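Notes to accompany the following structure.
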Amino acid sequence: YLTRLYDRFDWMFAPSDVMAEQLADLGVRQVSVQRLGVDTAVFRPSAVDPAVRAALGIPSGGRLLVFAGRNTREKHVDQLIEALDSLDDRYHLLLIGAGMPSAGHPRLRVVDYLRDEHELAAYLASADALLHGGDAETFGLVIVEAMACGLPVVGVRAGATPELIDDSVGELAERARAVDLARAVERLFDRDWRGLGAAARRRAVQTYGWTPQFERQLVQFARLAGRVSSAEPATASGDGLSADGGLSPSAPYS
135 YLTRLYDRFD
145 WMFAPSDVMA
155 EQLADLGVRQ
165 VSVQRLGVDT
175 AVFRPSAVDP
185 AVRAALGIPS
195 GGRLLVFAGR
205 NTREKHVDQL
215 IEALDSLDDR
225 YHLLLIGAGM
235 PSAGHPRLRV
245 VDYLRDEHEL
255 AAYLASADAL
265 LHGGDAETFG
275 LVIVEAMACG
285 LPVVGVRAGA
295 TPELIDDSVG
305 ELAERARAVD
315 LARAVERLFD
325 RDWRGLGAAA
335 RRRAVQTYGW
345 TPQFERQLVQ
355 FARLAGRVSS
365 AEPATASGDG
375 LSADGGLSPS
385 APYS
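So that you can map any letter, position 128 of the sequence shown is 262 in the working numbering, and since no number is skipped, the others follow by simple counting.
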């Protein structure tokens, strides 16, 4: 059914390499990668608000880990909380989202779903690192939002997360298990984590800001508009165009 549905479109954009590969596995060839972007004027380090940490009761010298998202199975929120048990008393965990577990740990803080992006940016920028246990991300927008706020990221080596995170901006746990996540957090804070956060901000601005992503999208639209026929894309040429002038599945604008 999905293959028949997708074949009705002239072209498809996938938000990550892993999604493009999954579409290819379904037999969809007319696909290229167009990653998502964030407003780096909203999600920025200067969005930090000292009142946030005070309201959460984070002591001086405490390390605040944050996760924002849905409390669903693939996010492994339970493993984030269990990882907190393996970390020393300096570490605190803030969960932002609807339906988050709110009891059972003295260093756990919970904030309900935030509709206002400026408020979310203030919470992210006021934390020390993003802790993300999702292992089935199709992109991982909150990861890029946190990076734009100047946070290093601890994620999982699965799904689209490794396309966003490497050791220059954070740490990857091998699996979405508490023990692996806790070790990745410790590795992160054994390094220059503030420097990693600054590098994360630079990457977010240069790669995932509205301007660079919009320019990439326009390039893809322009190339698609220049196609001379609706024939299936041929083998990719060096510039990412298929033989008929359209985008090839391996186009470099991703």
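Where is the CB? At the ideal position from N, CA and C, for every residue including glycine.
Remember, it's a predicted structure, so these values are computed and weren't measured experimentally.
Out of V319, A185, A334, E308, point me to the one whose CA is closest to I299's CA.
Closest by C-alpha distance to I299, out of V319, A185, A334, E308, is A334.
As a quick exercise: from R207, D222, A175, Q213, pick the residue whose alpha carbon is nearest that of L198.
The option with the nearest alpha carbon to L198 is D222.
Burial state of F348 (16 or more Cβ within 10 Å)
That one is exposed.
Is it buried or exposed for T206, if we count other Cβ within 10 angstroms and need 16 for buried?
Looking at its Cβ environment, which holds fewer than 16 other Cβ atoms inside 10 Å, T206 is exposed.
If you run the structure through DSSP and keep just helix, strand and coil, what is S166?
The answer is strand: DSSP assigns S166 an E or B state.
Checking the sheet assignment: what are the DSSP bridge partners for L242?
Residue pairing by DSSP places L242 opposite L227 in a beta bridge.
For I215 versus L242, is the C-beta distance shorter than 8 Å?
Going by C-beta atoms, I215 is nearer than 8 Å to L242.
C-beta contact flag for G304 and L322 at 8 Å:
Yes. Within cutoff.
With distances taken between CB atoms, is the gap from F273 to R169 smaller than 8 Å?
Yes, the pair counts as a contact, with Cβ atoms nearer than the cut-off.
V290 and L306: beta carbons closer than 8 Å?
Yes. Within cutoff.
So, at 6 Å on beta carbons, what are the nonlocal neighbours of R154 in its own chain, with the 5 sequence-adjacent residues on each side left out?
The question names Arg, but residue 154 in the sequence shown is Ala. Within its own chain, the residues whose Cβ lies closer than 6 Å to the Cβ of A154, once the five positions on either side in sequence are excluded, are A148, V165, V167, listed in chain order.
Leaving out five residues before and five after L285 in sequence, what residues of the same chain have Cβ atoms less than 8 Å from its Cβ?
If we look at L285 and ignore the five residues flanking it on each side, its Cβ neighbours are V200, L258, A259, A261, D262, A263, L264, G331, A334.
Can you have a look at A150 and say buried or exposed, based on whether 16 or more other CB atoms are within 10 angstroms of its CB?
Strictly speaking, residue 150 in this sequence is Ser, with Ala absent from that position. So S150 counts as buried.
Can you find the residues in the same chain that come closer than 8 Å, C-beta to C-beta, to G195, ignoring five residues on each side of it along the sequence?
These residues qualify, in order along the chain: R224.
Short of 7 Å in beta carbon distance, which residues of its chain neighbour V244, apart from the five on each side in sequence? Order them along the chain.
Counting only residues of its own chain and dropping the five nearest sequence neighbours on each side, V244 has a CB closer than 7 Å to the CB of L229, M234, S236.
Taking the C-alpha atoms as reference points, what is the distance between L315 and A356?
A356 has its alpha-carbon roughly 43 Å from the corresponding atom of L315.
Round the Cβ separation of H210 and A280 to the nearest angstrom and send it over; I've been treating them as touching at under 8 Å.
That belief does not hold up - the Cβ atoms of H210 and A280 are roughly 17 Å apart, past 8 Å.
Per DSSP, the bridge partner or partners of G304
The beta-bridge partner set that DSSP reports for G304 consists of V287.
Where does A264 sit, in a helix, a strand or coil, going by DSSP?
The amino acid occupying residue 264 in the given sequence is Leu; Ala does not appear at that position. In the structure shown, L264 sits in a strand (DSSP, three-state: E or B).
Which residues in the same chain have their Cβ closer than 8 Å to the Cβ of A256, if we skip the five residues on either side of it in sequence?
Closer than 8 Å at the Cβ level, and outside the excluded window around A256, lie A181, V182, D183, V186.
Please report the distance separating the alpha-carbon of S364 from that of R337.
Confidence is the limiting factor: at S364 the pLDDT is only 42, short of 50, which leaves the residue's position unreliable, though a coordinate-based value still follows. Between S364 and R337, the C-alpha separation is close to 36 Å.
With DSSP as the reference, identify every bridge partner of G172, one or two as the case may be.
Correcting the residue identity first, residue 172 is Val in this sequence and not Gly. Bridge partners of V172: G343.
Assuming G231 contacts R204 (C-beta within less than 8 Å), just tell me the rounded distance between them.
With 8 Å as the limit, G231 and R204 qualify as a contact, their Cβ atoms being about 6 Å apart.
Beta-carbon proximity check, A312 vs A217, cutoff 8 Å
Taking 8 Å as the Cβ cut-off, A312 and A217 qualify as a contacting pair.
Distance, Cα to Cα, L139 vs H226?
Their Cα atoms are separated by approximately 46 Å.
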